[in-house]
């Protein structure tokens, strides 16, 4: 790097040395503007407050004394860069005194040449540029810090850092605002605990202990008391800084979320009120609909009987009006009941085999009668390639057709109503498309987008003229959705309308995922034989118990029944069972505690397979099932085939479809000793052309892996699950770095299953395989290191 001009001052009382320096500077590579003086007083007299980049002076205890020179220029800031002392020989005293000063250089008399001086000037230029760069970055850092502080103030977010070594917490200014002005910028963890609300203190300490032990991040809302003694909700987020498997710091942010919590509570209360109101409304509507339907059936039945008699024309007309009005009222009641069921999530949609022809035969007579009364033509056109056997819910399909066709007939005064059914699907029939076309009154464009909304009709005049609730199309839309399709329309006012809808008619597989565990059932459950199997059923609910007893009797199972957890434990202790079906929520002792007690019994009683029966299989209950020692679970409500299959799998010793879905990782074949089982591709991507980096990483792998393997062996011998998990975790990243995928799979399996008592044998096998595999990788790595 070059500078435009070097301003240099020479303080030398020897004219001979001055000439020597002038000669060297004359031949210098750099453009030098030099001033000369014999001592410090002359510097002041001749040059006043002029500043120089470099000072060259003779090292001396006399005038000028080297310390005076240094202090003169540093104190008065007349020097931008450095001082070069000219020595007769290497001086230990000078070196020790100024060893921390980048701005001090030395040169011996023998090196007072253009090359020697140029070398020193170059060093000082580089020092200056480094310092300038450092100062610029320092200024940028300060600017960023200020910007972060401003951002934190704007967002009400504070930052913090905990030092594990000292247990001292450092806070940003914003935290002081969150807690009040009394909060210090630095305080111990114990001091900070005093601000935590008493009810949350145990949780708070547990979270931080977990961080320090597991070295994991977290996010949690904790309640504190601020300096005004007000309760505040503070969101804490944290990350860990870990280097060489050592936790160096825990850092994160905190934010006062008291307002958000207050809003959440308000919304939650409002939601709860709305839900309660909704439930009350739904219950009321459903009950009222049922109460009304019963007498309506009697009214309609007796009306039909009366109409069969020989009546006068006037009486017959009146009775027909009663019949029509009753039928219309029943349609309204049915709509309300169905809508209530849909809104409350109580509507059941089946997936069974059916014949489309039978559905059409059910709809045709009812709609033909209505069409005939109005003088309309009712036509059905069905594709010939539609198979006889379809899958879905024929009752709901019939309901959709009745809704749409009855609407078409209702709103058509002359012309026709036509129902067309087409198959959709490139290979075979996947879906059906239905088209209901009429020549009726049509629907305005601006109303078409909301015609499927609840309680909506085309116009108020339609309500007066044709009646109805406005729920029919809304119900049809929801039913179509339940059947895997969609619905839409095309309409023109005073010309007519065509309603289209599709439904899925493929056979649906029985739930592909059951309780989060994929059932890969290659065995037909009808072929599974459970005769003679001895099962203990532990279930306190009499209805559920009766249902399970029905299944067990049907399968020829020998079973005994316990009505609570305590009774179940006592009966299990007597032995003789192949499997236990265990409910989770029971009096006296719940299913978790009952299982733990059974697992404490000696073999074979203590290892009998246990299936949990839970209504809460998608959250913490699953993990609690594992921890208590259960082998599998089934979620209520369940299908008999699911339960039968799970019992069969556990008794036959096959857990592929149980709660332990994680399949055991087997090495697919014996590793060929001559075949490299690792790859340096990832290391090359990381290090590029840096061979030293790659070699260092291989060396570290060779040195550290055997140490971790030894720890794993010791932990295996004592079955220290915490150490086993830790050692497996430490081996995972290096194995990934060396691209040993089999080792990565084994470490993941071990970490995932080491806490599961029932998988102990498999985990031990995985550990032994992992140890042998890592040994082989190390041996092969040594060959290239």
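Residue numbers (our numbering): 1097 to 1881. Every residue, glycine too, gets a C-beta built ideally from N, C-alpha and C.
Measure from the alpha carbon of residue 1477 to the alpha carbon of each residue in 1486, 1513, 1336, then state which is nearest.
When only C-alpha atoms are compared, the closest one is 1513.
Are the Cβ atoms of residue 1538 and residue 1589 separated by less than 7 Å?
Yes; because the gap between Cβ atoms is below 7 Å, this pair is in contact.
To the nearest whole angstrom, what separates the beta carbons of residue 1725 and residue 1692, a pair I think is in contact under 8 Å?
That pair is a contact at about 6 Å.
Run through DSSP, which three-state label would residue 1610 get?
With a pLDDT of 31 at residue 1610, under the threshold of 50, the modelled position of that residue is not reliable, and the figure given next carries that caveat. Of the three classes helix, strand and coil, the one that applies to residue 1610 here is strand, per DSSP.
For the ligand SAM, any of its heavy atoms closer than 6 Å to the Cβ of residue 1214?
This structure simply doesn't include the ligand SAM, nor any ligand for that matter.
Can you check which of these residues, 1723, 1709, 1720, is closest to residue 1738 by C-alpha distance?
The residue among 1723, 1709, 1720 with its C-alpha nearest the C-alpha of residue 1738 is 1709.
For the candidate residues 1505, 1123, 1579, 1297, whose alpha-carbon lies nearest to that of residue 1471?
The option with the nearest alpha carbon to residue 1471 is 1505.
Helix or strand or just coil, what does DSSP make of residue 1637?
Here residue 1637 sits in coil by DSSP.
Between the C-alpha atoms of residue 1595 and residue 1363, what's the straight-line distance to the nearest angstrom?
The alpha-carbon separation between residue 1595 and residue 1363 amounts to approximately 40 Å.
Inspect the beta-carbon positions of residue 1866 and residue 1842 and report whether they are closer than 7 Å.
Their beta carbons are under 7 Å apart, which means residue 1866 touches residue 1842 by this criterion.
For the candidate residues 1229, 1574, 1532, 1825, whose alpha-carbon lies nearest to that of residue 1055?
Residue coverage of the chain in this structure runs from 1097 to 1881, which leaves residue 1055 outside it and unanswerable.
Cβ separation of residue 1107 and residue 1153, assumed to be a contact under 8 Å, to the nearest whole Å
4 Å between Cβ atoms; contact.
Going by alpha carbons, who is nearest to residue 1790 out of 1804, 1775, 1286?
Nearest C-alpha to residue 1790: 1775.
Rounded to a whole number of angstroms, what is the C-alpha to C-alpha distance between residue 1257 and residue 1275?
When only Cα atoms are considered, residue 1257 and residue 1275 end up about 16 Å apart.
Residue 1311, DSSP secondary structure in three states:
Note: residue 1311 maps to coil in three-state DSSP.
Please classify residue 1296: does DSSP put it in a helix, a strand, or coil?
Reduced to three states, the DSSP call for residue 1296 is helix.
Residue from 1346, 1809, 1291 with nearest C-alpha to residue 1325
Closest option to residue 1325, Cα to Cα, is 1291.
Are the CB atoms of residue 1178 and residue 1203 within a distance shorter than 7 Å?
Not in contact: residue 1203 and residue 1178 (Cβ atoms no closer than 7 Å).
Boundaries of the beta strand (DSSP E) in which residue 1351 is found, first to last residue:
Unbroken beta strand (DSSP E) run through residue 1351: 1342-1352.
Tell me the DSSP bridge mates of residue 1600?
DSSP lists 1527 as partners of residue 1600.
Outcome for residue 1830 when other beta-carbon atoms lying within 10 angstroms are tallied against a minimum of 16:
Buried, since its Cβ has 16 or more Cβ neighbours within 10 Å.
Could you tell me which residues DSSP pairs with residue 1533 in its beta bridges?
The partner list for residue 1533 (beta bridge, DSSP) reads 1514, 1594.
Residue 1593 versus 1601, 1541, 1644, 1804, residue with shortest Cα-Cα distance
With distances taken between Cα atoms, residue 1593 lies closest to 1541.
Run through DSSP, which three-state label would residue 1617 get?
With a pLDDT of 37 at residue 1617, under the threshold of 50, the modelled position of this residue cannot be trusted; read the value that follows with caution. Residue 1617 falls in the coil class under three-state DSSP.
Start and end residues, beta strand (DSSP E) containing residue 1333:
1327-1339 is the extent of the beta strand (DSSP E) around residue 1333.
For residue 1105, which residues from the same chain have a beta carbon less than 6 Å from its beta carbon, with the 5 sequence-adjacent residues on both sides left out?
The answer, listed in chain order, is 1131, 1148, 1151.
For the alpha helix (DSSP H) holding residue 1259, just list the boundary residues, first then last.
Boundaries around residue 1259 are those of the beta strand (DSSP E), 1253-1259, since no alpha helix (DSSP H) includes it.
DSSP on residue 1871, reduced to helix/strand/coil?
Secondary structure of residue 1871 (DSSP, three-state): helix.
Three-way DSSP call (helix, strand, coil) for residue 1713 in this model:
Below a pLDDT of 50, predicted positions are generally treated as unreliable, and residue 1713, at 38, falls in that range; the measurement from the model is reported next regardless. In the structure shown, residue 1713 sits in coil (DSSP, three-state: anything other than H, G, I, E or B).
Could you give the distance in angstroms between the alpha-carbon of residue 1817 and the alpha-carbon of residue 1674?
Their Cα atoms are separated by approximately 29 Å.
Considering Cα atoms alone, identify which of 1623, 1662, 1180 is closest to residue 1633.
Nearest of 1623, 1662, 1180 to residue 1633, Cα basis: 1662.
Excluding five sequence neighbours on each side, which residues of the same chain lie with their C-beta closer than 7 Å to the C-beta of residue 1598?
Only 1520, 1527, 1528, 1529, 1581, 1582 meet the Cβ criterion.
Taking residue 1109 as the reference, which of 1124, 1122, 1138, 1120 has the closest Cα?
Selected option, being the one with the closest Cα: 1138.
Looking only at C-alpha atoms, which of 1635, 1535, 1629, 1577 sits nearest to residue 1587?
If you compare the alpha carbons of 1635, 1535, 1629, 1577 with that of residue 1587, the shortest gap goes to 1535.
Selection from 1349, 1547, 1743 that minimises the alpha carbon distance to residue 1624:
The shortest C-alpha separation from residue 1624 is found at 1743.
Residues that residue 1475 bridges to, as DSSP identifies them
According to DSSP, residue 1475 bridges with 1514.
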